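J.: So that we are looking at the same thing, I have put the structure below in structure tokens.
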Amino acid sequence: MSEFSLFNTLTRSVEPFAPSDGETVKLYTCGPTVYNPAHLGNFRTFLFEDLMRRALRLRGWKVVQVMNLTDVDDKIITRASEQGKTIREVTDPVITIFHEDRKYLRIEDAEHYPRATAYIPDMIALIERLIANGVAYVADDRSVYFAIEKFAMYGRLSRLDTREIQSGARVSQDDYSKENAQDFALWKAAKPLDEACEAAWDSPWGRGRPGWHLECSAMAMAILGETIDLHAGGIDLIFPHHEDEIAQSEAATGKTFARCWCHGEFLLTDGAKMAKRVGNVQNVADLRRNGVSGAAVRHFMFSTHYRKQLNLSGEALEGSIEGVRRIGDFAERLTAAQGGTRGLEEAADRLDRDVRTAIFDDLNAPNAMAALFEFIRTANKELDAGGSEAGSLRRAREVLAMVNGLLDVQPDRAAADADLAGWVEGQLTARTEARARRDFGTADAIRKALDEKGVVIEDTAAGTRWKLDQ
RNA sequence: GGCGCCGUGGCCAAGUGGUAAGGCGGCAGACUGCAAAUCUGCUAUUCGUCGGUUCGAUUCCGACCGGCGCCUCCA
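And the structure:
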């Protein structure tokens, strides 16, 4: 069996990876905070995780993926109060949009999408364990904090020396009273605003709500167990989010929380991190409105390795749209082909091997994509040569399906409705007749009329074919 | 101030101590009535700059220039 390796943030190096039980990968991925539709930067991370789960399965393992939905937090509460709603009324519609966007980008369903508010009892139980272990304390304001100096390994993931966080850092004191500025909240005592939008629950320490980091630890352990195989997220979550998850999980259980940590780099726009506070965000809806397909977005996101920053530009996106068109045209050609050649089969074998090698080597999607395009060029050539071997054709289709099951960059050709199809067929018949009598003026006028309806035609030896543009 | 990443052709981008994958675009050719699709050839003597190590560096080391990120709740 081929090796599978991933870059582990804990060691800052690419290492062999396998699930601890040799069979099922327990994967936890930090999901969106649902107060606003996720932007493309968020989706770059989710796409990287989608590729990861597909790669793990291709390697032969089962995957149980958890993606949490953070449906209680400061921003959600702010939004709810502004609109006079409960947090649930704010988050429900955003979750719906999240799943629509996700499906548009062909991100597979995770096995679990837990909402933080559904796991309050688990979170409270975890806090009680931490207090019992002496690493958490209840402050004067009835909030509960984790005391980072009680956890020796604190800082191991982010490699931040806790004593040296100083000038330049955004060290803003929040409204809570804690013993050490770097301690983080496990439980936040309720304020009137929280109660007003139904963001407060009973607890042994009074009314309140969970801290952000706590959610992930509690839900990961509740669903996947105390030690998980893989934990992934955006690079900005390394600190403090994942650092804190490790602290509170391991301080509670005494066991390794996640065996391997993977982080995806940022998507930039105009050379700056895409973020709401920078004001340069673009959503899936924006691309959708501009006719950019999910397949094209995937091609774009996978054109660069996940650990490298990627700049969103119109030019790059155009390139992906064209690239994906080529893949689509080729796939249709392969579907329609009557037979293949020995060379086609060899090219398919090569593609099979090269894609696995690339993707099992720390998810090298750009190399996998390169292998796909090399295959397309060779296969087109072989198909030009004719050939009648059913076996090689079958093999080519099988490998292309495998690659597509991994990258999923083959565009859907929009099916024309019956009215349009009928009209097009009529036009094509007229055009074929015109061409037969060498009346090219009429033939070209018809082609122009079709083009204006978004119909592109190709004259081939077997007759004229047509498709909808994009 | 601390920590870290990156800089490869017009654009995107892989990559290795031994002389630059792939995609988009462009140019030329084949095919076509013309197109489209496809194929072929061309499109970086060179990998931010300057040094060093080496038989040999884009790949290792150093300095510098430029871009980006993290340093308490941001994917």
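Per the numbering used here, the first sequence starts with residue 788, numbered consecutively.
Where a beta carbon is used, it is the ideal one built from N, C-alpha and C, also for glycine.
Predicted, not measured: the structure shown is a model, and the values here were computed from it.
I'd like to confirm the pairing. Which residues does DSSP put opposite residue 800 in its beta bridges?
T.: Bridge partners of residue 800: 795.
J.: Note the first and the last residue of the continuous alpha helix (DSSP H) segment covering residue 1209.
T.: Residues 1205-1223.
J.: Just the C-alpha distance for residue 995 and residue 935, rounded to the nearest angstrom, thanks.
T.: So the alpha carbons of these two residues sit roughly 22 Å apart.
J.: Just curious, the alpha helix (DSSP H) that residue 1049 is in, first and last residue?
T.: No alpha helix (DSSP H) holds residue 1049; the beta strand (DSSP E) holding it covers 1045-1051.
J.: Given a cut-off of 9 Å, decide if residue 1061 and residue 838 are closer than it, judged by their beta-carbon atoms.
T.: Not a contact, by the Cβ cut-off of 9 Å.
J.: Just verifying my parser: in three-state terms, what is the DSSP assignment at residue 933?
T.: Correct three-state label for residue 933: strand.
J.: Could you have a look at residue 854 and say whether DSSP puts it in helix, strand or coil?
T.: Strand.
J.: Closest to residue 906 by C-alpha separation, out of 1050, 857 and 1108, would be which residue?
T.: Of 1050, 857 and 1108, the residue nearest in Cα terms is 857.
J.: On the DSSP letters alone, give me the boundaries of the alpha helix (DSSP H) that residue 1095 sits inside.
T.: Neither: residue 1095 is in no alpha helix (DSSP H) and is coded neither H nor E.
J.: What three-state label does DSSP hand residue 813 in the structure shown?
T.: Residue state, collapsed to three classes: strand.
J.: Suppose you measure from the CA of residue 814 to the CA of residue 1247; what does that come to, to the nearest Å?
T.: Whole-angstrom Cα-Cα distance: 49 Å.
J.: Just verifying my parser: in three-state terms, what is the DSSP assignment at residue 993?
T.: Coil at residue 993, not helix or strand.
J.: Grab me the residues of residue 1236's own chain with a C-beta within less than 8 Å of its C-beta, minus the 5 sequence neighbours each way, in chain order.
T.: Here the set comprises 1214.
J.: Count the other CB atoms within 10 Å of the CB of residue 818; is the residue buried (16 or more) or exposed (fewer)?
T.: So residue 818 ends up on the buried side.
J.: Within a Cβ cutoff of 8 Å, which residues of the same chain sit near residue 957, ignoring the five residues on either side of it in sequence?
T.: In this predicted model, residue 957 has a pLDDT of only 44, less than 50, meaning its place in the structure is not dependable; the value taken from the coordinates is given anyway. Answer for residue 957: no residue qualifies.
J.: In this structure, how does DSSP classify residue 1248 when only helix, strand and coil are distinguished?
T.: Residue 1248 falls in the coil class under three-state DSSP.
J.: Going by beta-carbon coordinates alone, are residue 834 and residue 1089 separated by less than 9 Å?
T.: Yes.
J.: Considering just the uninterrupted stretch of the alpha helix (DSSP H) at residue 1110, what are its terminal residues?
T.: It spans 1101-1123 - the alpha helix (DSSP H) in which residue 1110 sits, taken as one unbroken run.
J.: From what residue to what residue does the alpha helix (DSSP H) around residue 1172 run?
T.: That residue, residue 1172, is in no alpha helix (DSSP H); it is neither H nor E in DSSP.
J.: Any contact between the region 1161-1181 and the region 1051-1069? By contact I mean 3 or more CB pairs, one from each, below 8 Å.
T.: Contact fails: fewer than three Cβ-Cβ distances are below 8 Å.
J.: Among 1027, 939 and 853, which has the Cα closest to the Cα of residue 1006?
T.: Of the listed residues, the one whose Cα sits closest to residue 1006 is 853.
J.: Nearest-angstrom Cα distance between residue 1003 and residue 876?
T.: Cα-Cα distance, rounded: 22 Å.
J.: For residue 1205 and residue 1255, which I take to be in contact (beta-carbon distance under 8 Å), what is that distance rounded to the nearest angstrom?
T.: 14 Å between Cβ atoms; not a contact.
J.: Measure the Cβ-Cβ separation of residue 1084 and residue 830 and say whether it is below 9 Å.
T.: Yes, these two residues count as a Cβ contact at 9 Å.
J.: Is the separation between the beta-carbon of residue 920 and that of residue 1038 shorter than 9 Å?
T.: Closer than 9 Å, so yes.
J.: Since residue 796 and residue 944 are thought to touch, with beta carbons under 8 Å apart, how far apart are those beta carbons, to the nearest angstrom?
T.: Yes, residue 796 and residue 944 are in contact; Cβ-Cβ is about 6 Å, under 8 Å.
J.: Spell out the partners DSSP gives residue 1070 in its beta bridges.
T.: Beta-bridge pairing links residue 1070 to 826.
J.: Using 10 angstroms around the beta-carbon of residue 940, count the other beta-carbons present and answer buried if the total reaches 16, otherwise exposed.
T.: Result: exposed.
J.: Between the Cα of residue 1027 and the Cα atoms of 946, 864 and 1012, which residue gives the shortest distance?
T.: Among 946, 864 and 1012, the Cα nearest to that of residue 1027 belongs to 946.
J.: DSSP three-state label for residue 999, please.
T.: Residue state, collapsed to three classes: helix.
J.: Which residue comes first and which comes last in the alpha helix (DSSP H) that contains residue 1180?
T.: Residues 1177-1194.
J.: Quick one: what's got a C-beta closer than 6 Å to residue 1131's C-beta in the same chain, skipping five residues either side?
T.: So the list reads 1166, 1169, 1179 and 1183, once near-sequence residues are dropped.
J.: The beta strand (DSSP E) that contains residue 1131, what's its start and end?
T.: Premise fails: residue 1131 lies in the alpha helix (DSSP H), 1129-1147, not in any beta strand (DSSP E).
J.: Within 10 angstroms of its Cβ, does residue 1175 collect 16 or more other Cβ (buried), or is it exposed?
T.: So residue 1175 ends up on the exposed side.
J.: From which residue to which residue does the beta strand (DSSP E) around residue 925 run?
T.: Residue 925 -> beta strand (DSSP E) spans 923-925.
J.: With a threshold of 7 Å on Cβ separation, who are the neighbours of residue 1126 within its own chain once the five nearest residues in sequence on each side are excluded?
T.: Taken in chain order, the residues that qualify are 1174, 1175, 1176, 1177 and 1180.
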